[in-house]
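The structure appears below as structure tokens.
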Amino acid sequence: MGESDEGIRRRGCSCSKDDFLPEESFRSWGNYVKALKETPFRLKDRVLTRSSDTSELVDMKARSQHEMKKTLNWWDLIWFGMGAVIGAGIFVLTGLEAKEDAGPAVVLSYVVSGISAMLSVFCYTEFAVEIPVAGGSFAYLRVELGDFMAFIAAGNIILEYIIGNAAVARSWTSYLATLLNHKPNDFRITASSLNPDYSHLDLLAVAVITGVCAFAVLSTKGSSRLNYVASIVHLIVIAFIIIAGLMKANTANYTPFLPYGARGVFKASAVLFFAYVGFDAVSTMAEETTNPGKDIPIGLIGSMIATTVLYCLLAITLCLMQPYKQIDPDAPFSVAFEAVGMSWAKNLVALGALKGMTSVLLVGAVGQARYLTHIARAHMLPPWLAHVNEKTGTPINATIFMLIATSVIAFFTNLEILSNLLSI
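Residues in the sequence shown are numbered from 1 upward in steps of one, following the UniProt record's numbering.
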């Protein structure tokens, strides 16, 4: 087939065998048998052979047929980073660790875990600047450790993305129900014939996943604008919580400051590190930044600094509003506002969590599709998933694949099951 014919076929909806089985070994039975005999040597190559910067930057990108559009700057990346990290976890983990492990010193735990997360950010920044492609850690591992380690890591990260986004989507339904004074399962369909862990069917979770993926497909810049709006609303809610909470502050609640000692601070910081998870999704957008050498360091480091400051302010506010022993581990801010006579504020807390989860889902949809795209470029997944749409400059096929995988799990699976899987 000629080059022009190939272009015509690509613009249509049809697919060829090469989109799924691109290797020469699938051309004929003879080639296939020959390839089987070479399996030990191929495995050796996969384990020992490493990629190069040039291969990742030139050869791999060329397999997507079209370039991703370079429309993002450091300002976009800062908001993407904050949107990816600041979810509902801050509204739950703070109270739990303040009550059980750190007391008012939970603010120090956030500082420690923030510094630890920043060290990881430095690593991601260095690699993303050196190899500014959509593959994130997968591309870095191919260059440094080879295909085998990259493949193992890729499988784990894709699974984490799918399960994590499914869990957030089901939590989204629960928080919306709380905001509207309903029980979480009121918004789900009960299928009594299924196993109890999979019997509450969540159409709303599927709808919100589909919505954010639609934005991710249409335009990366459009996704950035949506994330910007959602994050602004989220920050307004957080600002209200901090200001209103500090107006009700009682400094007597801050003593004793270290009831569990230094050990409690570090124990809590190990748990609170998970409140910073998500920044790696920003590194997958390196291919779409106008100036990776400048935009990525400012975007990643800036978002982590801003996130740490907000977390510390929220932790201080909570512990000044209520004695640490009285903090509710499940809904700390809502109960704290009720304790100071502002029970109506619990709806704002739920709204903040809802907006935070929307941003997490959006950034996750953008990041996981780009990660999958680069894996497919390396032919570790069907090359069809590596295709970048010429008009939108986005990996539509990879986004649709992740949409389907995430939606199926979010539709059926209980949040407790998903949480247990994430903790493995």
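We put the CB at the ideal spot given by N, CA and C, even for glycine.
Checklist entry - Between the C-alpha atoms of Pro323 and Val107, what's the straight-line distance to the nearest angstrom? => result Note on geometry: alpha-carbon atoms of Pro323 and Val107 lie some 15 Å from one another.
Item to check | Residue from Ala350, Cys319, His379, Glu144 whose Cα sits closest to the Cα of Ala252 | outcome: Per the Cα distances, Cys319.
Item to check | Counterpart residues of Leu201 in DSSP-defined beta bridges | outcome: Leu201 pairs with Ile189.
Item to check | Three CB pairs or more closer than 8 Å across the segment 154 to 170 and the segment 393 to 401 | outcome: Counting Cβ pairs under 8 Å, fewer than three are found: no touch.
Item to check | Backbone secondary structure at Leu72 - three-state DSSP | outcome: Strand at Leu72.
Next on the checklist: For the alpha helix (DSSP H) containing Gln368, name the first residue and the last one.
Outcome noted: Where Gln368 is concerned, the enclosing alpha helix (DSSP H) stretches over 346 to 377.
Checklist entry - Does the segment 114 to 132 come close enough to the segment 331 to 350 to have 3 or more Cβ pairs within less than 8 Å? => result Segments in contact, no.
Item to check | Exposure of Pro256, with buried meaning 16 or more beta-carbon neighbours within 10 Å | outcome: Classification of Pro256: exposed, given that the 10 Å Cβ count is below 16.
Checklist entry - Which residue spans inside the segment 95 to 159 form an unbroken alpha helix (DSSP H) run of at least 4? => result Taking only runs of at least 4 residues, the alpha helix (DSSP H) segments lying wholly in the segment 95 to 159 are 106 to 130, 137 to 144.
Next on the checklist: So, at 7 Å on beta carbons, what are the nonlocal neighbours of Ala286 in its own chain, with the 5 sequence-adjacent residues on each side left out?
Outcome noted: So the list reads Ala128, Pro132, Val133, Pro292, Ile296, once near-sequence residues are dropped.
Item to check | CB contact flag (Ala216, Ala365, <7 Å) | outcome: In this structure, Ala365 lies closer than 7 Å to Ala216 by Cβ.
Checklist entry - Which ranges would you report for the alpha helix (DSSP H) in the segment 207 to 239 if only whole runs of at least 4 residues count? => result No alpha helix (DSSP H) of 4 residues or more sits fully in the segment 207 to 239.
Item to check | Residue from Leu385, Ile90, Trp79 with nearest C-alpha to Pro332 | outcome: Just measuring C-alpha positions, the residue of Leu385, Ile90, Trp79 sitting nearest Pro332 is Ile90.
Checklist entry - Given a threshold of 16 other Cβ atoms within 10 Å of its Cβ, counted over all protein chains shown, does Trp79 qualify as buried or as exposed? => result Within 10 angstroms of the beta-carbon of Trp79 lie 16 or more other beta-carbons, which makes it buried.
Next on the checklist: By alpha-carbon positions, which one of Cys123, Trp75, Ser28, Phe187 ends up nearest to Lys221?
Outcome noted: Of Cys123, Trp75, Ser28, Phe187, the smallest CA-CA separation from Lys221 is found for Trp75.
Checklist entry - Three-state secondary structure (DSSP) at Ile417? => result The answer is helix: DSSP assigns Ile417 an H, G or I state.
Item to check | Distance CB(Gly393)-CB(Lys69) smaller than 7 Å | outcome: Going by beta carbons, Gly393 and Lys69 fall inside the 7 Å limit.
Checklist entry - Which residue comes first and which comes last in the alpha helix (DSSP H) that contains Asp295? => result Asp295 -> alpha helix (DSSP H) spans 292 to 321.
Next on the checklist: Give me the DSSP bridge partner(s) of Thr289.
Outcome noted: Note: Thr289 sits in a beta bridge opposite Leu72.
Checklist entry - Going by alpha carbons, who is nearest to Ser224 out of Trp172, Ala207, Val282? => result Of Trp172, Ala207, Val282, the residue nearest in Cα terms is Val282.
Item to check | Candidates His66, Thr54, Thr210: closest to Leu385 by CA position | outcome: Its Cα nearest to that of Leu385, the residue His66 stands out among His66, Thr54, Thr210.
Item to check | Whether Gly83 touches Tyr371 by CB criterion (7 Å) | outcome: Cβ atoms of Gly83 and Tyr371: not closer than 7 Å.
Checklist entry - CB residue 426 to CB Lys355, shorter than 7 Å? => result Outside the modelled stretch of the chain, which goes from 1 to 424, sits residue 426, for which no answer is possible.
Checklist entry - What do you get for Ser231, buried or exposed, if any count of 16 or more other CB atoms within 10 angstroms of its CB means buried? => result Ser231 is classed as buried because its beta carbon has at least 16 other beta carbons within 10 Å across all chains shown.
Item to check | Rounded straight-line distance, which links the Cα of Pro196 to that of Ala378 | outcome: Answer to the nearest angstrom: the Cα atoms are 40 Å apart.
Next on the checklist: Please classify His182 as buried or exposed, where buried requires at least 16 other C-beta atoms within 10 Å of its C-beta.
Outcome noted: By the neighbour-count rule (16 or more Cβ atoms within 10 Å), His182 is not buried but exposed.
Item to check | Cβ pair Ser51, Arg142 closer than 7 Å | outcome: Going by C-beta atoms, Ser51 is nearer than 7 Å to Arg142.
Checklist entry - Would you call the segment 308 to 315 and the segment 234 to 245 touching, i.e. three or more CB-CB distances under 8 Å? => result Counting C-beta pairs closer than 8 Å gives three or more between the segment 308 to 315 and the segment 234 to 245, which meets the contact rule.
Item to check | Cβ shell of Gly103 (< 8 Å), same chain only, five flanking positions each side left out | outcome: Within the same chain, and ignoring the five residues on either side of Gly103 in sequence, the residues whose Cβ sits closer than 8 Å to its Cβ are Pro256, Phe257, Leu258, Pro259, Tyr260, Gly264, Cys319, Tyr324.
Next on the checklist: Distance check for Leu314 and Ala268, CA to CA, integer angstroms please.
Outcome noted: Cα-Cα distance, rounded: 15 Å.
Checklist entry - Quick one, are the C-beta atoms of Tyr198 and Phe412 less than 7 Å apart? => result In this structure, Phe412 lies closer than 7 Å to Tyr198 by Cβ.
Checklist entry - From this set, Val360, Ala169, Glu416, which residue's C-alpha is nearest Phe279's C-alpha? => result It is Val360 whose Cα lies nearest to the Cα of Phe279.
Item to check | Sequence-distant residues of its chain with Cβ nearer than 7 Å to Ala177 (five each side left out) | outcome: Hits under 7 Å: Lys183, Pro184, Asp186, Phe187.
Item to check | Three-state class that DSSP yields for Phe279 in the structure shown | outcome: The three-state secondary structure of Phe279, taken from DSSP, is coil.
Checklist entry - Which residues in the same chain have their Cβ closer than 6 Å to the Cβ of Thr406, if we skip the five residues on either side of it in sequence? => result Taken in chain order, the residues that qualify are Ile162, Asn165, Ala166, Ile209.
Checklist entry - Nearest-angstrom Cα distance between Ala139 and His374? => result Going by the C-alpha atoms only, they are around 8 Å apart.
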